[in-house]
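Here is the structure we will look at.
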Amino acid sequence: TTSTGPCPADIIRSLKRQGLGMMVEIYGSSESGAMGYRFSPDDPLTLMATWKRFGEDRFVRELEHGGQSEPFEFQDALEWVDENRFVVKKRLDSAVQVAGINVYPARIREALLAHEAVADCAVRLMRPEEGDRLKAFVVLAPGFEAGPKMRDDLRVYLAGMLHRVEQPGSITFGPELPTNEMGKLADWTIDTKPVTMTLTQALEKIQSEHKPVAAGQEFGVEALRSKDAWGVAHLFYEVHGPSFPFEAYYIPERLLEENRLGLVHGAVARTPAGDIVGYGSLFRSSAPHHGVYEIGSHVVHPAYRGTRVALALQEFIKDTLIPKHAVEVFFSEAPCHQVVTQKFAAMTGLKETAMEIGLMPASAYGGPD
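Here is the structure:
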């Protein structure tokens, strides 16, 4: 399974030469779900039977009980072969509002890419706590040096090409575009913040300070505090070793920064001695809307499995964190090696919507990848 972007055609052809029987490509988005499919990278995509063209550029979904959905507009430029088959030409970024005026991040990105010093870049709207302008992340071409002078050069260059509200209020440099754990373009508020400790250093510290946690202690569940972060790191190492794929849980300053910015809202099960014996959270994973959170990253210390730690964490998230942070929509992805998430889903009335294959690397649970 591959996701977050098109699988290169050469990879598909190579896999088929090595014996792959079939590769099905599904085209869609988080907002629309699956909209098209094909069995060969050399063929056009076929529109899913549940979708129909509506006018020139919009589409409607045939609803299960009759009728149609509100019209939906594709986020890509499409070239139609016939009424049901199409080829994706390029991405069309939606407009965002700056000072009440519609601006198009794709236009600003194209302007930056036209500069000789820019190898790649991304442009997006600032988070509310950062301001109300656009911000740009720039990867420089070889031979160009990041720094205040380059930033000034780009500002002068953009001022001659863009309307004032289109000009980024912030330009950040880095060696590559930041991506999140799903491989999608990430918000670089976190990724470009200087982090004094590397993952290797954090793991070495965890290993050197390892101490056993006594079983049978009483515990209480509360929101994550600064002093809990190393306890969370030790807990994840106790359960997953060094293989959990999201490194923020091993690096306390990363985890605390994500909590500060509202990307994560963590909860811990803490004993009177200060041991962290359970962790769970609300976090923004892949949904584009800031009010949608996933419930997950639950870890329980081996000595406390079979206790109420897991359900107590779920109840705290449901009854305290969700109302406190005005979460509009929450969902969860339930792994099959334990049933805590399934129990929580039954308790809160969640409905199954899909089965996701190969979401997490096997090494996260002690198996070979």
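Residue 410 in the numbering used here sits at position 344 of the sequence shown, and the numbers go up by one each step. All C-beta atoms in this analysis are idealised placements derived from N, C-alpha and C, irrespective of residue type, glycine included. Bear in mind the structure is a predicted one, so any value in this text is a computation, not a measurement.
Rounded distance between the beta-carbons of residue j and residue i, thought under 8 Å
i: Gly235; j: Arg199; result: 3 Å
i: Val298; j: Tyr345; result: 5 Å
i: Ala185; j: Val205; result: 5 Å
i: Pro107; j: Val147; result: Not confirmed; about 15 Å, so no contact.
i: Leu416; j: Ile383; result: About 13 Å; that fails the 8 Å criterion.
i: Arg193; j: Glu149; result: Their Cβ separation, rounded to whole angstroms, is 42 Å, which puts Arg193 and Glu149 out of contact at 8 Å.
i: Val375; j: Phe285; result: 7 Å
i: Phe138; j: Ser98; result: 6 Å
i: Val436; j: His364; result: Here the chain has residues from 67 to 435 only, and residue 436 is not among them.
Distance, residue j Cα to residue i Cα
i: Lys293; j: Val287; result: 15 Å
i: Leu290; j: Val366; result: 15 Å
i: Thr258; j: Leu322; result: For Thr258, the predicted structure reports a pLDDT of 37, less than 50, and the residue's modelled location is therefore unreliable. The matter cannot be settled from this model.
i: Leu377; j: Gly102; result: 40 Å
i: Ile466; j: Arg104; result: The structure shown does not extend to residue 466, since the chain is modelled only from 67 through 435, so no value can be given for it.
i: Val154; j: Arg124; result: 15 Å
i: Leu144; j: Pro72; result: 15 Å
i: Val169; j: Lys201; result: 12 Å
i: Lys82; j: Asp341; result: 51 Å
i: Leu217; j: Ile237; result: Checking the sequence shown, residue 217 turns out to be Arg, not Leu. Taking the straight line from one Cα to the other gives about 7 Å.
i: Arg173; j: Val164; result: 14 Å
i: Phe203; j: Val162; result: 17 Å
i: Val305; j: Arg336; result: 16 Å
i: Pro208; j: Leu243; result: 15 Å
i: Pro389; j: Leu329; result: 16 Å
i: Ser274; j: Phe302; result: 15 Å
i: Ile256; j: Arg326; result: Interpretation of Ile256 is limited by its pLDDT of 39, a score under 50 that renders its predicted location unreliable; the figure taken from the coordinates is listed afterwards. Roughly 10 Å separates the two Cα atoms.
i: Ser135; j: Ala339; result: 55 Å
i: Ala75; j: Gly87; result: 15 Å
i: Thr373; j: Glu130; result: 42 Å
i: Pro171; j: Leu220; result: 16 Å
i: His331; j: Leu387; result: 7 Å
i: Ala333; j: Thr414; result: 18 Å
i: Gly307; j: Lys271; result: 13 Å
i: Glu176; j: Val189; result: 10 Å
Three-state class that DSSP yields for residue i in the structure shown
i: Lys417; result: coil
i: Phe310; result: coil
i: Tyr223; result: helix
i: Asn150; result: coil
i: Ser135; result: coil
i: Lys82; result: helix
i: Thr245; result: strand
i: Val405; result: coil
i: His331; result: strand
i: Glu130; result: coil
i: Arg199; result: coil
i: Asp218; result: helix
i: Gly297; result: helix
i: Gln273; result: helix
i: Gly383; result: Note that residue 383 is Ile in the sequence shown here, rather than Gly. Helix at Ile383.
i: Gln267; result: helix
i: Val279; result: coil
i: Arg175; result: helix
i: Asp108; result: coil
i: Asp341; result: coil
i: Ala412; result: helix
i: Ile317; result: coil
i: Arg124; result: strand
i: Tyr303; result: helix
i: Val365; result: strand
i: Tyr437; result: As shown, the chain starts at 67 and ends at 435. That puts residue 437 outside it, with no answer to give.
i: Val393; result: coil
i: Arg190; result: strand
i: Glu232; result: helix
i: Glu323; result: helix
i: Ala185; result: strand
i: Leu90; result: Before going further, note that residue 90 is Val rather than Leu in the sequence given. If DSSP states are grouped into helix, strand and coil, Val90 belongs with coil.
Contact set for residue i: own chain, Cβ-Cβ below 6 Å, skip 5 residues either direction
i: Tyr370; result: Val343
i: Glu91; result: Arg104
i: Ala420; result: none
i: Ile167; result: Val231
i: Phe410; result: Gln380
Close beta carbons around residue i, own chain, < 7 Å, minus the five adjacent residues each side
i: Thr116; result: Arg127, Glu128
i: Pro318; result: Ala295, Trp296, Ala299
i: Met263; result: Ile317, Glu319
i: Ala268; result: Ala299, Tyr316, Ile317
i: Leu179; result: Cys187
i: Gln408; result: Ala400
i: Ala314; result: Arg320, Leu321, Glu324
Other residues of its chain near residue i: CB distance less than 8 Å, five sequence neighbours each side excluded
i: Ala100; result: Ile92, Tyr93, Gly94, Met114
i: Glu422; result: Glu399
i: Phe396; result: Leu348, Val358, Tyr359, Glu360, Ile361, Ile388
Distance cut-off 6 Å: residue i Cβ against heavy atoms of the ligand MG
i: Asp294; result: You won't find the ligand MG in this model; it holds no ligand whatsoever.
Mind the definition here: the segment 278-285 touches the segment 223-231 only if three or more C-beta pairs lie below 8 Å; say whether that holds.
no
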